[in-house]
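Novice: In my numbering, the protein residues as written are 5 to 309. Beta carbons: idealized from backbone N, C-alpha and C, even for Gly. The structure is given below, and queries will be raised subsequently.
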């Protein structure tokens, strides 16, 4: 089955605590994973940030929401037990627990009111956990990825509409930001030279110029096939070159990708989508609009040791 959302984790978590004993969050993860019949692959799936397992994140937020409603209580870090209100709800034998049910509890209403007061923006409304069934971290990452995807698409369209001279300058800036080329003048001369047997430029891989990389950089609207890539590779063989980069605003065919994976010299293909992603990662052609810093409790600060 698919990984359950955090609201689906609420009832089995509260049921686990119905024995009135204290339970750890790590124990609850194991019990709930077995309850939902999750595979190891599903248990290991990470959030887009790669910093936490998706299922663990959802279990943690199920605990947070149950505590905010007063159904669970916590006397120490990463542990919980059931409250009187929690026992009362279990006695009613609910078939599920979700946010709409939690809204019946005054403590949760106060929690929600405080959250809305802190941020009533349209983005917050659109990325609400009620709508997506996502945890706050997941909603934040989903919103970020959506904005990034849209921006990358717009960025690529701008690059495609630019002049050849501008595109050459962009490639220079990109390679410099990646750490290639000894300086901007050298890089500019390298990319700016006219094509030589399928080669648009040569740039130093390191500051000492001990290794060189041959470059093909073209604004293409369609698909770059294997023949074009083979032509570039042939030019590399003519130079006895070991490394090459073929960069385009278009896309590479599957045949072209398969071809470069089985040859020597080593050739890296960068298509339009990857070009836009690199530009975003290296702050090329974009500028920060807003920063949101997500914090967590510093456990060491509260340690008695």
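Entirely within the region 49 to 80 and at least 4 residues each: give me those alpha helix (DSSP H) ranges in chain order.
Specialist: Fully enclosed alpha helix (DSSP H) runs of 4 or longer: 58 to 72.
Novice: Who are the Cβ neighbours of residue 295 in its own chain at under 7 Å, not counting the five residues just before and after it?
Specialist: Excluding positions up to five away in sequence, the list is empty.
Novice: Per DSSP, which residues does residue 97 bridge with? Please list them.
Specialist: According to DSSP, which records beta bridges pairwise, residue 97 is partnered with nothing at all.
Novice: Let me know the beta strand (DSSP E) ranges lying completely inside the region 229 to 307, each 3 residues or longer, listed in chain order.
Specialist: Qualifying beta strand (DSSP E) stretches, in chain order: 247 to 252, 270 to 274.
Novice: Are residue 58 and residue 50 touching if we call contact CB-CB under 8 Å?
Specialist: Cβ atoms of residue 58 and residue 50: closer than 8 Å.
Novice: When the distance is taken between beta carbons, is residue 177 closer than 8 Å to residue 288?
Specialist: A contact, by the Cβ cut-off of 8 Å.
Novice: Report the CB separation of residue 82 from residue 151 in whole angstroms; it is logged as a contact under 8 Å.
Specialist: Incorrect: roughly 33 Å between the Cβ atoms, too far for contact.
Novice: So, for residue 21: in the same chain, excluding its five sequence neighbours on each side, which residues have a beta-carbon less than 7 Å away from its beta-carbon?
Specialist: These residues qualify, in order along the chain: 27, 76, 84, 85, 86, 90.
Novice: Beta-carbon within less than 7 Å of residue 264's beta-carbon, same chain only, minus the 5 sequence neighbours each way: which residues are those?
Specialist: Closer than 7 Å at Cβ, skipping near neighbours: 233, 271, 273.
Novice: Quick check: the region 249 to 268 against the region 137 to 149, are there 3 or more CB pairs under 8 Å?
Specialist: Not touching, per the Cβ criterion.
Novice: With 16 other CB atoms within 10 Å as the buried threshold, where does residue 185 fall?
Specialist: By the 10 Å Cβ count, residue 185 comes out buried.
Novice: Our contact map puts residue 7 next to residue 42 with C-beta atoms below 8 Å; I'd like the distance itself, whole angstroms only.
Specialist: Right, their Cβ atoms sit about 7 Å apart.
Novice: Could you tell me the boundaries of the beta strand (DSSP E) in which residue 139 lies?
Specialist: That residue, residue 139, is in no beta strand (DSSP E); it is neither H nor E in DSSP.
Novice: With distances taken from CA atoms, which of 38, 145, 17 is nearest residue 52?
Specialist: Answer by Cα proximity: 145.
Novice: Helix, strand or coil, according to DSSP, for residue 216 in the structure here?
Specialist: Three-state DSSP puts residue 216 in a strand.
Novice: Based on Cα-Cα distance, which residue from 222, 206, 205, 154 lies nearest to residue 167?
Specialist: Considering only alpha carbons, the answer is 222.
Novice: Is residue 24 near residue 66, with beta carbons less than 8 Å apart?
Specialist: No, the pair does not count as a contact, with Cβ atoms beyond the cut-off.
Novice: Would you call the CB atoms of residue 285 and residue 255 closer than 8 Å?
Specialist: No; because the gap between Cβ atoms is not below 8 Å, this pair is not in contact.
Novice: Cα separation between residue 231 and residue 290?
Specialist: If I take the Cα positions, the gap works out to 34 Å.
Novice: Closer than 8 Å by C-beta to residue 18: which residues in its own chain qualify, once you throw out the five before and the five after it? Chain order, please.
Specialist: Result list for residue 18: 70, 75, 76, 86, 90, 93, 94, 101, in chain order.
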